């Protein structure tokens, strides 16, 4: 996946970005402390359980789950640069520190590996190895 797509996905995953206007995802959740989420097993588990159909979703989590396929498909074209930057941080964290979560998300949202194939080279350029 290219960095823009993965950034969008993970920003959405970690920050519960909801679908806003037709052109961009909302910035309503941009003030969320991503470090707090990534370092808290409880918070991270709640987000992941929602996305993996293993637990209840908050309203914004449900919106996130609904829009995640779109974010994958359109290469995060509706993400702001701020969201992309924060997503890079989350992506790197999940791959390096919580690989099991990343693998589960990939199995659910990219079962055929089409997004991995499409964006893997750009991820390498970002220093992210799958």
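Residue numbers (mature numbering (1 follows the signal peptide of the UniProt record, and there is no 0)): -20 to -1, 1 to 110. Backbone N, C-alpha and C define an ideal beta-carbon position, used for all residues, glycine too. Source: prediction; values computed, not measured.
Short check: CB of residue 14 to CB of residue 78, under 8 Å? Note that the C-beta distance between residue 14 and residue 78 is not below 8 Å.
When 41, 23, 21 and 84 are compared against residue 30, the one with the closest alpha-carbon: Cα-wise, what sits closest to residue 30 is 41.
Spatial distance of residue 110 from residue 64 (CA atoms): Each residue's alpha carbon lies about 18 Å from the other.
Alpha-carbon to alpha-carbon, residue 101 and residue 95: Straight-line Cα distance between these residues: approximately 11 Å.
Mind checking which residues open and close the alpha helix (DSSP H) that includes residue 126? Outside the shown range of the chain (-20 to 110) lies residue 126, about which nothing can therefore be said.
Hey, which unbroken runs of the alpha helix (DSSP H) at 4 residues or more fall wholly within the region 3 to 82? Complete alpha helix (DSSP H) runs here, min 4: 14 to 19, 21 to 31, 39 to 53 and 61 to 77.
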